[in-house]
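*Asks:* Residue numbers (our numbering), protein chains in the order written: chain A, 16 to 165; chain B, 16 to 165; chain C, 35 to 119; chain D, 35 to 119.
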Amino acid sequence: MIRVQRAAFDPAEEIAALVGANRRIGGVVSFVGLVREMAEGGAIAAMTLEHYPGMTERQLEAVVAEAEARWPLDACLIVHRYGRLEPGERIVLAAVASSHRDAAFDACRFLVDWLKTKAPFWKLEEGPAGARWVAEKAEDQAAAARWAQK
Amino acid sequence: MIRVQRAAFDPAEEIAALVGANRRIGGVVSFVGLVREMAEGGAIAAMTLEHYPGMTERQLEAVVAEAEARWPLDACLIVHRYGRLEPGERIVLAAVASSHRDAAFDACRFLVDWLKTKAPFWKLEEGPAGARWVAEKAEDQAAAARWAQK
Amino acid sequence: MKVLYFAWLKTRRGLAEEELTLPAAVTNVAELLAWLRTLSPGHAAALADRPVVRVAVNQEYARAEDKVAPGDEVALFPPVTGGVG
Amino acid sequence: MKVLYFAWLKTRRGLAEEELTLPAAVTNVAELLAWLRTLSPGHAAALADRPVVRVAVNQEYARAEDKVAPGDEVALFPPVTGGVG
Chain A
16 MIRVQRAAFD PAEEIAALVG ANRRIGGVVS FVGLVREMAE GGAIAAMTLE HYPGMTERQL
76 EAVVAEAEAR WPLDACLIVH RYGRLEPGER IVLAAVASSH RDAAFDACRF LVDWLKTKAP
136 FWKLEEGPAG ARWVAEKAED QAAAARWAQK
Chain B
16 MIRVQRAAFD PAEEIAALVG ANRRIGGVVS FVGLVREMAE GGAIAAMTLE HYPGMTERQL
76 EAVVAEAEAR WPLDACLIVH RYGRLEPGER IVLAAVASSH RDAAFDACRF LVDWLKTKAP
136 FWKLEEGPAG ARWVAEKAED QAAAARWAQK
Chain C
35 MKVLYFAWLK TRRGLAEEEL TLPAAVTNVA ELLAWLRTLS PGHAAALADR PVVRVAVNQE
95 YARAEDKVAP GDEVALFPPV TGGVG
Chain D
35 MKVLYFAWLK TRRGLAEEEL TLPAAVTNVA ELLAWLRTLS PGHAAALADR PVVRVAVNQE
95 YARAEDKVAP GDEVALFPPV TGGVG
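1) Under 7 angstroms between beta-carbons, which chain A residues line up against G116(C)? List them in chain order, please.
2) Short of 6 angstroms in beta carbon distance, which residues of its chain neighbour V44(B), apart from the five on each side in sequence? Order them along the chain.
3) Taking 7 angstroms as the CB-CB limit, is G69(B) close to chain D?
4) Beta carbon of T63(A), beta carbon of R99(A): below 7 angstroms?
5) Between which residues of its own chain and T132(B) is the CB-CB distance below 7 angstroms, once the five residues before and five after are set aside?
6) Relative to chain B, which residues along the segment 95 to 122 of chain A have a C-beta separation below 8 angstroms, given in chain order?
7) Going along chain B, which residues have a C-beta under 9 angstroms from A27(A)?
8) Comparing alpha-carbon positions, which option in A82(D), L66(D) and A50(D) lies nearest P57(D)?
9) In terms of DSSP beta bridges, what is H66(A) paired with?
10) What does V149(A) reach in chain C if we use C-beta pairs closer than 7 angstroms?
11) Taking beta-carbon pairs under 8 angstroms, can you tell me which members of the segment 55 to 66 of chain A lie near chain G?
12) Give me the residue from I30(B), I106(B), E151(B) and G41(B) with the minimum Cα distance to S113(B).
13) Identify the contact partners of R38(A) in chain C, using a Cβ-Cβ distance below 9 angstroms as the criterion.
14) For E94(D) and G57(B), what's the separation of their Cα atoms in angstroms?
15) Counting only runs of 3+ residues fully inside the segment 52 to 99 of chain D, write out the beta strand (DSSP E) ranges in chain order.
16) What separation, rounded to the nearest whole angstrom, lies between the Cα atoms of A80(C) and A50(C)?
17) Whether or not the segment 80 to 96 of chain A and the segment 28 to 37 of chain A are in contact is what I'm after, with contact meaning three or more pairs of Cβ atoms, one per stretch, closer than 8 angstroms; do they touch?
18) Can you look up V124(C) in the DSSP assignment and give me helix, strand or coil?
19) Could you tell me the distance, in whole angstroms, from the CA atom of A80(B) to the CA atom of R161(B)?
20) Measuring alpha carbon to alpha carbon, tell me which of R51(A), V78(A) and A144(A) ends up nearest V127(A).
21) Grouping DSSP H, G and I as helix and E and B as strand, with all else coil, what is I30(A)?
22) Pick helix, strand or coil for K131(A), following the three-state DSSP scheme.
23) Can you list, in chain order, the residues of its chain with a C-beta nearer than 8 angstroms to that of A23(A)? Leave out the 5 residues immediately preceding and following it.
24) Which residues in the same chain as G105(C) place their Cβ atom closer than 8 angstroms to its Cβ, once the five residues preceding and following it in sequence are excluded?
25) Since I93(B) sits in a beta bridge, which residues does DSSP pair it with?
26) From what residue to what residue does the alpha helix (DSSP H) around E154(A) run?
27) In the DSSP output, which residue or residues are listed as bridge partners for W86(B)?
28) Which residue or residues does DSSP assign as beta-bridge partners of G57(A)?
29) On the CB-based measure, 16 or more other CB atoms within 10 Å of its CB, does Q20(B) come out buried or exposed?
30) Residues in the segment 90 to 105 of chain C with C-beta within 7 angstroms of chain A's C-beta atoms, listed in sequence order?
31) Is L75(B) helix, strand or coil when you go by DSSP?
32) Does the CB of R172(B) have a neighbour CB from chain D at under 7 angstroms?
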């Protein structure tokens with residue numbers, strides 16, 4: 016399940032809905048990404064996430080389907096915000112429920128690495144020197160590459 | 016930070032308190048363990064977690080300290096319940112905040128693997144054939160062994 | 035063909051979206067980008083740094099040799115910098 | 035010495051905790067377990083399956099060769115099965 020939205024979200028509510036009445040689930044691994052006050056260009060007052068409506072949802076659905084194909088998961092969720100966000104606000108939630116905790120950890124990390132390199136979002140940071148578009152990081156490419164199918 | 020308690024907990028509140036006013040934190044990885052309705056001996060009505068007051072807290076504190084020594088973490092939390100729990104209830108929360116998401120994923124998984132093999136808790140399951148103490152699993156030993164210091 | 039621009043490509047092009055009529059000679063992504071650069075200084079500025087321009091055709095990532103056709107939706111954008119940490 | 039029993043060792047022993055006076059010959063964990071087994075059928079039952087008995091001395095995990103002394107708190111329990119999944 017995926018959602019792209021401007022509004023804030025509550026990770027606990029999202030995860031409770033994900034688990035639902037499924038009493039087979041032994042563990043939920045989740046990642047919550049937060050806006051940091053420090054970026055590469057210095058302190059930031061806020062950032063704006065631009066996305067590509069349509070493609071973004073489609074790509075998120077595809078990666079969730081891939082995670083579900085690779086690992087034995089009971090449930091899988093990505094909620095990603097767009098628009099203007101201030102330091103401390105939640106940007107994204109990736110949550111994976113499985114009866115196998117190794118699968119849940121691997122799948123959640125896969126989703127997060129993937130988000131960094133393939134999800135059509137672009138970050139505009141408002142720093143002391145004005146607004147600037149964030150450039151990609153080589154380490155994120157490397158993190159995503161470790162999931163390439165052999 | 017660690018806590019061993021009989022009462023239920025709310026992961027969202029725990030994580031919000033963990034992050035606090037720290038605006039440097041870029042991500043929080045968490046694991047929530049739930050009581051499953053199916054165990055090895057069949058469906059269970061409930062389970063009771065026994066622990067060793069004193070040693071349990073001490074061991075949890077030690078493993079949090081070890082995680083903090085191994086990875087660059089901003090904050091680290093384990094909340095573990097004891098007593099009688101029914102299917103669907105939360106047993107444990109392990110949450111790790113870091114500006115490095117790889118460190119947060121590794122450290123959280125380390126804590127969970129460790130909990131399974133070293134935290135002094137014992138599970139008594141109430142199944143169709145009566146109550147039985149759960150035996151350890153070889154796969155959990157193997158999961159913990161991967162963190163052995165080289 | 036509908037062409038969309040995101041992030042700093044949009045700023046440089048000066049708009050988010052335009053409708054263009056594709057010349058018959060333009061059949062793949064590489065040819066499309068080469069042609070777009072000739073259209074205006076804004077197009078040229080947006081596409082000046084070719085190695086960092088990512089392309090999606092009909093909302094799927096596309097490579098230089100992938101085909102394009104008049105009815106396609108083509109999006110041009112820099113490498114993504116999604117909202118994780 | 036205070037000796038604590040947990041999980042099914044407690045059931046087999048029939049109590050959770052006892053105060054015992056250590057013979058002078060008992061100086062390490064291995065000797066302590068051997069001696070405890072001689073005390074009663076309940077002790078013997080609790081400690082029958084030696085390979086699965088885990089030992090903590092003063093709330094730290096201990097091995098067969100680790101020392102024990104009269105003032106110690108010794109806990110005996112099966113492998114832990116903490117509350118994860």
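Note that the Cβ used here is the ideal one computed from N, Cα and C, for glycine as well.
*Replies:* The relevant details are as follows:
1) L130, K131, A134 and F136
2) V111, A119, F120 and C123
3) yes
4) yes
5) D155, Q156 and A159
6) P102, G103, S114, R116, D117, A119 and F120
7) D25, P26, A27, E28 and I30
8) L66(D)
9) F136(A)
10) T115
11) Although the question refers to chain G, the structure presented lacks it and instead comprises the protein chains A, B, C and D.
12) G41(B)
13) By Cβ distance, chain C contributes nothing, its closest Cβ being about 31 angstroms from R38(A), past 9 angstroms.
14) 34 angstroms
15) 88 to 91 and 94 to 96
16) 12 angstroms
17) yes
18) Any question about residue 124(C) goes unanswered here, given that chain C covers just 35 to 119.
19) 18 angstroms
20) V78(A)
21) helix
22) helix
23) R96, E104 and R105
24) M35
25) I17(B) and A109(B)
26) A153 to A160
27) In the DSSP output, where bridge partners are listed per residue, W86(B) has none listed.
28) A54(A)
29) exposed
30) A90 and Q93
31) helix
32) Past the edges of chain B, shown from 16 to 165, lies residue 172(B), and the structure says nothing about it.
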